[in-house]
Amino acid sequence: MQSGSDFSGINEAKHRMDHIYDHCDPRLYCSTLEHLNYSIPDNAKPICQALIEQLRKRLNRDTVHVIDLGCSYGVNAALLKYDLSMEDLYARWDIDRRGDDSCKEIIQSEQEFFENLDQADKLEITGIDPARNAINFAEETGLVDTGLAVDLESEPFPEPVEQGLASADLLMSTGCVGYVTEKSFDRLMPAISREQPAWIANFVLRIFPYQPIQNCLETWGYETEKLEDKTFLQRKVASTDEQEKIIRQLKDRNIDPSGQEADGNLMAEFYLSRPTEEVRQQPLHQLLQP
């Protein structure tokens, strides 16, 4: 594909928090997002765990290879690998409690913490994010096994990196769609469909249309299912101004914000894309049954 969808107008409705995403440690990130009840990693966790367990059974092996697109500081990895919660991470990375520590001290203490923590799940996680400092933290602390600081909207993978992603079983994201478009997915697909095609799980804010990404994946032989009648809290709105802009965006797309964004919540929906024959064999509603 030659160009990605233009989500700039939609992104302008959102409160800008670019300043929290690329520090040498996640203290500012956590202090800012805890105030907004940022909880999409918690809310996505049960579905991601269910998909991982299904893949483990299907592939008949213990270790599942996961790509976390937009991984930031390794939050999803912490929740999935070690069965932690956002509350746990907010407490560990609290800026008031650890405000006098240097970045080096924070990284060293987190290395020791995670090294001594039993893994709750056998996962090999590759984190992809344009924020180089955040990727460095996630990699140095061992939260991700491999960290790739790359902006797929503007640059392709180097060939050796692309080859290294071929073992992926699951590509997941919990909030980067909107910052990334179908352009990033089109650059990912040659890698993750090279061997056994990976499943693609995206939690997407309701203000962003998913159809362009769905259309892109369809060209690679994937079919996309949406989890109907279910939404997931991403965070609270940051201001009345943000809420009003978000509601206007939703109404422009004929989406009813009542009881959700109208109540001050930014809500996401879940989409799973798999090869068409796999969808036919086991639809999403069956896949997520206990």
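In case it helps, our numbering puts the sequence shown at residues 312 to 601. We treat Cβ as the ideally placed atom computed from N, Cα and C, and that holds for glycine.
Pair within 8 Å by beta-carbon distance, residue i and residue j
{"i": "K537", "j": "E493", "result": "no"}
{"i": "E466", "j": "A324", "result": "no"}
{"i": "D480", "j": "A502", "result": "no"}
{"i": "L459", "j": "T437", "result": "yes"}
{"i": "C359", "j": "V455", "result": "no"}
{"i": "Y384", "j": "Y349", "result": "no"}
{"i": "Y439", "j": "L380", "result": "The sequence given here has Ile at residue 439, not Tyr. In this structure, L380 lies closer than 8 Å to I439 by Cβ."}
{"i": "E539", "j": "I557", "result": "no"}
{"i": "I363", "j": "G489", "result": "no"}
{"i": "R498", "j": "F468", "result": "yes"}
{"i": "A449", "j": "A361", "result": "no"}
{"i": "S396", "j": "P523", "result": "no"}
{"i": "Y393", "j": "L344", "result": "no"}
{"i": "S478", "j": "Y533", "result": "no"}
{"i": "I378", "j": "L476", "result": "yes"}
{"i": "K547", "j": "N526", "result": "no"}
{"i": "L293", "j": "S495", "result": "What the structure shows of the chain is the stretch from 312 to 601, and residue 293 is not part of that stretch, so it cannot be assessed."}
{"i": "P352", "j": "V386", "result": "yes"}
Residue from the options whose Cα sits closest to the Cα of residue i
{"i": "T452", "options": "I417, E464 and P467", "result": "I417"}
{"i": "N354", "options": "Q592, N444, M578 and L583", "result": "M578"}
{"i": "L391", "options": "K433, L370 and C341", "result": "K433"}
{"i": "D411", "options": "D336, F448 and M397", "result": "D336"}
{"i": "H326", "options": "A549, G570, Q571 and Q597", "result": "A549"}
{"i": "S421", "options": "E435, A402 and A431", "result": "Looking at the sequence provided, one finds Glu at residue 421 rather than Ser. If we check each option's Cα against that of E421, A402 comes out closest."}
{"i": "R338", "options": "S319, L370 and S413", "result": "S413"}
{"i": "N513", "options": "I524, P469 and M483", "result": "M483"}
{"i": "L544", "options": "D462, R517, Q592 and L362", "result": "R517"}
{"i": "R369", "options": "P601, E589, Q600 and H596", "result": "E589"}
{"i": "Q507", "options": "K356, V386, D405 and P586", "result": "P586"}
{"i": "L599", "options": "D333, L347, L395 and L366", "result": "L366"}
{"i": "L347", "options": "D333, P357, K356 and M328", "result": "M328"}
{"i": "Q474", "options": "S504, I351 and Q560", "result": "S504"}
{"i": "Y332", "options": "V377, C487, D567 and S569", "result": "C487"}
{"i": "H330", "options": "Q592, Q525 and A442", "result": "A442"}
{"i": "R372", "options": "E435, E423 and F318", "result": "E435"}
{"i": "D574", "options": "E398, R408, L595 and T551", "result": "T551"}
{"i": "H596", "options": "D563, T535, S569 and N444", "result": "T535"}
{"i": "W531", "options": "W404, Y521, I511 and R559", "result": "I511"}
Residue i (DSSP reduced to helix, strand or coil)
{"i": "R409", "result": "coil"}
{"i": "I417", "result": "helix"}
{"i": "Q474", "result": "helix"}
{"i": "N387", "result": "helix"}
{"i": "K433", "result": "coil"}
{"i": "R559", "result": "helix"}
{"i": "F425", "result": "helix"}
{"i": "S342", "result": "helix"}
{"i": "L519", "result": "Looking at the sequence itself, residue 519 is Phe, so the reference to Leu does not match. Of the three classes helix, strand and coil, the one that applies to F519 here is coil, per DSSP."}
{"i": "S319", "result": "helix"}
{"i": "R591", "result": "helix"}
{"i": "I331", "result": "helix"}
{"i": "Q313", "result": "Bear in mind that a pLDDT of 41 at Q313, under 50, signals an unreliable position, so the number given afterwards is only what the model happens to contain. Q313 falls in the coil class under three-state DSSP."}
{"i": "F448", "result": "helix"}
{"i": "A324", "result": "coil"}
{"i": "Q554", "result": "helix"}
{"i": "D373", "result": "coil"}
{"i": "L400", "result": "helix"}
Residues that residue i bridges to, as DSSP identifies them
{"i": "G438", "result": "D379 and G458"}
{"i": "F496", "result": "In DSSP, F496 forms no bridge with anything."}
{"i": "N576", "result": "K547"}
{"i": "R585", "result": "E534"}
{"i": "L482", "result": "I378 and I511"}
{"i": "E491", "result": "The question names Glu, but residue 491 is Val in the sequence shown. Answer is V488, bridged to V491."}
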